[in-house]
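Since the structure comes first, as structure tokens, the remarks are kept for the end.
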Amino acid sequence: MSLDVELSVARSAFAVQAKFTVPAGRTLAIMGPSGAGKSTIVQVIAGIEKLDAGRIELDGALLAAGRHHLPPHRRQVGLLGQEAHLFPHLDAARNIAFGARAGGMSKQDAQQAASRWLERLGLGEVANHKPAALSGGQRQRIALARALAAKPKFLLIDEPFASLDVEAAVDMRQLVREELERSGTGAIVVSHSAADTQALADDLMVIERGKVIAYGEVEQVFAQPASRFVRAVVATLPAQHPTSIKEAIDGS
């Protein structure tokens, strides 16, 4: 399911403009300074914000162009953000089942899917716990399961690990990578973290003040820093880092 994006969205200080394609089964990371326009791109693709100009297609189906604006619930695009945004009145199992129901499952099948997800995530013991009783890492795992239970054609991931401790963030990165590979779902990951980008992404787009300044495979963009921001990101990498964290995990 390839995603084709050409967008322009006016902001108070500048316009966010980008043109790119995410081929089926690949993950694109978007990095840039705070306020560069990264989340704007995600929100426009999700349908939360509207285009000022451009066109968005998913597997050839038109999501937005001109006056055409398909509402978020009809786009078959999942969104996982920094906050889990679980329904506080529903327990973990019913939160996941809600996603499955949104994907077209019957009530009984959705309940069974929720049980499978909880077991897969190692969270069977919290099935009846409401979000307030869960840890931050548990809430993010439930949010991921709810998003994927809807069987989206594409997944948008916007800074989902920023509020997690180091150990929980490592676990979530591996979980997301495994689920994307298992399902073959294409994705966009927005992050300030080089670790997120190396662990999850095939390609990297760097945006500053609404403009794309670098685009290519992750290691290529890191090897030829196009701005002070990219140099600062590269400086956070270990001096002798493997070709990618994906390879480090696979080789462990």
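Its first residue numbered 1, the sequence shown is counted upward by one per residue in the UniProt record's numbering. Even glycine gets a Cβ: it sits at the ideal position worked out from N, Cα and C.
Element boundaries [alpha helix (DSSP H), containing residue i]
i	result
A168	V166 to S183
A64	Per DSSP, A64 belongs to no alpha helix (DSSP H); it is in the beta strand (DSSP E), A61 to A65.
L148	G136 to A149
G99	A92 to A102
E219	V218 to A223
D196	A194 to L200
A235	R228 to A235
V42	K38 to A46
9 Å Cβ cutoff, residue i in contact with chain C
i	result
K19	The structure shown contains no chain C; it is built from a single protein chain.
Selected residue, minimal CA-CA separation from residue i, among the options
i	options	result
L204	L237, E219 and L180	E219
T35	S191, P225 and F20	In the sequence as displayed, the identity of residue 35 is Gly instead of Thr. It is S191 whose Cα lies nearest to the Cα of G35.
Y215	S8, G54, L3 and A18	A18
R228	P238, E217 and I207	I207
residue 263	S12, R231, A201 and G104	Coverage of the chain is limited to positions 1 through 252, which leaves residue 263 absent and any answer about it impossible.
H69	L80, L51 and G81	L51
A150	A100, A168, G137 and S163	A100
L164	G81, G210, V126 and A127	G81
residue 263	V16, A53 and F98	Within the shown structure, residues of the chain are numbered from 1 to 252, placing residue 263 beyond reach of any answer.
R55	T21, V166, A232 and D158	T21
With 16 other Cβ atoms within 10 Å as the buried cut-off, status of residue i
i	result
F161	buried
G124	exposed
R67	exposed
D59	exposed
T197	buried
I245	Any reading at I245 must be qualified, since the residue scores a pLDDT of 41, below 50, and its modelled position is unreliable; no value is offered.
F87	exposed
A46	buried
P242	Model confidence at P242 stands at a pLDDT of 43, short of 50, so the residue's coordinates are unreliable; what they give is reported in the following sentence. Exposed, because fewer than 16 other Cβ atoms sit within 10 Å of the Cβ of P242.
A61	exposed
V44	buried
E167	exposed
Inter-residue spacing [alpha-carbon to alpha-carbon] between residue i and residue j
i	j	result
V234	G25	26 Å
R116	S39	32 Å
G251	A199	A caution first: G251 carries a pLDDT of 42, below 50, which makes its placement in the model unreliable, though a value can still be read off. One C-alpha to the other measures close to 13 Å.
P72	D109	24 Å
P33	P225	14 Å
I188	H129	30 Å
E83	V5	25 Å
A133	L63	37 Å
R94	L148	14 Å
S12	A194	29 Å
V221	L237	13 Å
R120	M105	19 Å
E217	R182	21 Å
A53	I213	20 Å
Q240	A232	Note that Q240 scores a pLDDT of 47, beneath 50, so its modelled location is shaky and nothing firm can be said.
Span of the beta strand (DSSP E), counted from its first residue to its last, around residue i
i	result
T27	T27 to M31
A113	Premise fails: A113 lies in the alpha helix (DSSP H), K107 to R120, not in any beta strand (DSSP E).
F154	F154 to D158
T21	A15 to V22
E57	A53 to L58
G78	V77 to L80
M205	D203 to E208
A187	G186 to V190
Cβ distance (whole Å) where residue i is taken to contact residue j below 8 Å
i	j	result
G78	P131	Wrong, their Cβ atoms sit about 18 Å apart, outside the cutoff.
R139	I96	Wrong, their Cβ atoms sit about 12 Å apart, outside the cutoff.
residue 341	G186	Nothing can be reported for residue 341, as the shown portion of the chain is limited to 1 through 252.
L144	V176	7 Å
A92	I142	5 Å
F154	L3	5 Å
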